[in-house]
Amino acid sequence: MFAIRRLGAARRAVRWLSTDTIYALSTAPGKSAIAIVRISGAQTSTVLRRMLAREHLPRARQATVARLVDPSDPSDTLDSAVCLWLPGPQSYTGEDMAELHVHGGPAVVSSVLGALGVLDGLRMAEAGEFTRRAFDLGKLDLTTLEGISDVLNAETEQQRRLAVRQMGGALQQQYSMWRAQLVQARAMVEAEVDFGDEEALESNTVMRATQLAHSVHGRVAEHLDDRRRGEILRGGARLAIVGPPNAGKSTMLNALVQRPAAIVSPVAGTTRDIVEVTLDIAGFPLVVSDTAGLRQHTSDLVEEEGVRRALAASRDADLRMVVVDCQDALSHGIARALAPEYRELLHLPQTLVVLSKTDTLAPSELEHVERMAEEFAASMGSDGWGVALVSCETLAGWERMVGRLAEGMRRTWGAQGVAAEAMPLTKARHREHLRTCAARLEAFARVVDDDLVLAAEELRAAADAIGRITGAVGIEDVLDALFSEFCIGK
């Protein structure tokens, strides 16, 4: 059963809102100390009265211990529970809500859900429906919803920090301010179109609108120029482990993830495709790819394709670990240990060179390799991450190598200031709409001196592009995809 309801002027949209009252288990299924059953909708007060077998509701927003009963047989006690009555609009969804905190035994939870399921006008919630209702009633915007989703899926400390800031409205405030300024600039231009001949209108109206649009464009451009920091913190930096065959790449991967994720063999060409695993380095999500060994000539077509993919993956990665056998570095030099066409990898930004198998060197040889490493690191430039010496057998140099990775990620993607700096971009969807906004503002700057009507249209399109990020403008397809990732009780 559905009804159309017009929301506030700020959202300026019409949403379909369900008039059903919904319920769901909001905690994880299975045995636990406490389970929470959530109810939301117009019939919540009636449902609560029937479940408590009392005429008066508990005091609003105050935990109350009460006896839960089966509405079809009030003499049948289901559990002794803590009840919360949360009348709207001061609730998570904006509707009347209630929470039943019951004992988490499967039989208790099943009996409570079963009792709710037979009540008229009450149905089980769909995935993410509580949060969807909060969005439809203007309690949350789309960026906040995405932040909630990211909090639920956060696996590392940096992901958690970023998601909590977004959930708290940091992006929403930023984008809403920019959109409001563009709407104001458009109003100024349209006022000039409609009332330009009237003396009451200020003579510098268009100039002020242009300055406002230029200011927003500058901040959008700065926001876009962030090395994908937010997206990398949210989804993980992609690290490609590359190097010659038998340099120790697969052993390096297995040591990083502390399990046999890749096959290790003395036979050259064992790794033929890309092996990917995800791990946490100092709070950073890191997607690590072990690639086929980079050698100049191979007659094996499958291995040749693996090498081609390895080279492409290393170029496209956010950072690279170039692994070279210490013995090869000692014999040929670090760069010459790689085939000529692959030496470019050594000087790409965010590249860490790892000289492996240091346990195979004599002390004098190790000293010589250490000097080579220092000299080569100096040639890598400020964007390079230096050279690390490590043995995966003895773990000598291991902590220093992992520390270089963590420090490089902090320096490049700003982990030290996630809480203090401006909120970064977190999704490719946001980046796409902001690029559209920037392009429209550039078009505005080109036409504002010649055609004010067209200039106003460019400002409208720029504001709409930002509105698509926050949910102020047509985003039903985005909502459907987003809520499909939520659990039933959220």
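With the UniProt record's numbering, letter number 82 in the sequence shown gets 82, and the count goes up by one each step, no holes. Note that CB positions come from ideal geometry on N, CA and C, so glycine has one too.
* **Extent of the continuous beta strand (DSSP E) to which Glu99 belongs** => Glu99 -> beta strand (DSSP E) spans 97-104.
* To do: Using only alpha-carbon positions, find the residue among Arg50, Cys83, Gly121 that is nearest to Ile22.
  => Taking only the C-alpha atoms, the option nearest Ile22 is Gly121.
* Asked: If you run the structure through DSSP and keep just helix, strand and coil, what is Glu276?
  -> Three-state result, Glu276: strand.
* Asked: With a CB to CB cut of under 6 Å and the five nearest residues on each side skipped, what residues in its chain are close to Met409?
  -> The residues are Phe284.
* With burial defined as no fewer than 16 other Cβ atoms inside 10 Å of the residue's Cβ, what is the status of Leu152: buried or exposed? -> It is exposed - the Cβ of Leu152 has fewer than 16 other Cβ atoms within 10 Å.
* Asked: With 16 other CB atoms within 10 Å as the buried threshold, where does Met207 fall?
  -> Exposed, by the Cβ-count rule.
* To do: Could you tell me which residues DSSP puts in a beta bridge with Val323?
  => The partner list for Val323 (beta bridge, DSSP) reads Val354.
* Does the beta-carbon distance from Ala329 to Ala240 come in below 8 Å? -> For Ala329 and Ala240, no; Cβs fall outside 8 Å.
* Excluding five sequence neighbours on each side, which residues of the same chain lie with their C-beta closer than 6 Å to the C-beta of His347? -> Excluding positions up to five away in sequence, the list is empty.
* Measuring CA to CA, which of Tyr92, Val216, Leu253, Leu395 is closest to Gly138? -> Comparing Cα positions, the closest option is Tyr92.
* Distance between beta carbons of Thr64 and Pro58, contact taken as under 8 Å -> The pair is a contact, with the Cβ atoms about 4 Å apart (cut-off 8 Å).
* **Boundaries (first-last residue) of the alpha helix (DSSP H) holding Trp85** => Membership of Trp85 in any alpha helix (DSSP H) is not indicated; the residue belongs instead to the beta strand (DSSP E) covering 73-86.
* With a cut-off of 8 Å on the beta carbons, I'd call Gly236 and Val193 a contact; round off their distance for me. => Incorrect: roughly 49 Å between the Cβ atoms, too far for contact.
* Give a yes or no on whether 8 Å exceeds the smallest Cβ distance from Gly121 to chain B. => Absent from the structure: chain B. Only one protein chain is present.
* Do Asp150 and Gln159 have their C-beta atoms closer together than 8 Å? -> Remark: C-beta atoms of Asp150 and Gln159 approach each other more closely than 8 Å.
* To do: Go through the segment 112-144 residue by residue and report every complete run of the beta strand (DSSP E) that reaches 3 residues or more, in order.
  => Here the runs fully enclosed are 122-124.
* Between the segment 395-414 and the segment 352-369, are three or more C-beta pairs nearer than 8 Å? -> Yes, they touch.
* Does the segment 97-107 come close enough to the segment 30-49 that 3 or more CB-CB pairs lie under 8 Å? -> Yes, the segment 30-49 touches the segment 97-107.
* Asked: Among residues of its own chain, excluding the 5 on either side of Ala282, which ones have a beta-carbon nearer than 6 Å to its beta-carbon?
  -> The beta carbon of Ala282 lies closer than 6 Å to those of Ala406 in the same chain, with the five residues before and after it left out.
* Asked: Counting Cβ pairs, one atom from each stretch, are 3 or more of them under 8 Å apart for the segment 140-150 and the segment 459-472?
  -> Contact holds between the segment 140-150 and the segment 459-472, because three or more Cβ pairs, one in each stretch, are under 8 Å apart.
* Asked: If you draw a straight line from the C-alpha of Arg336 to the C-alpha of Pro244, how long is it?
  -> Cα to Cα, Arg336 sits roughly 11 Å from Pro244.
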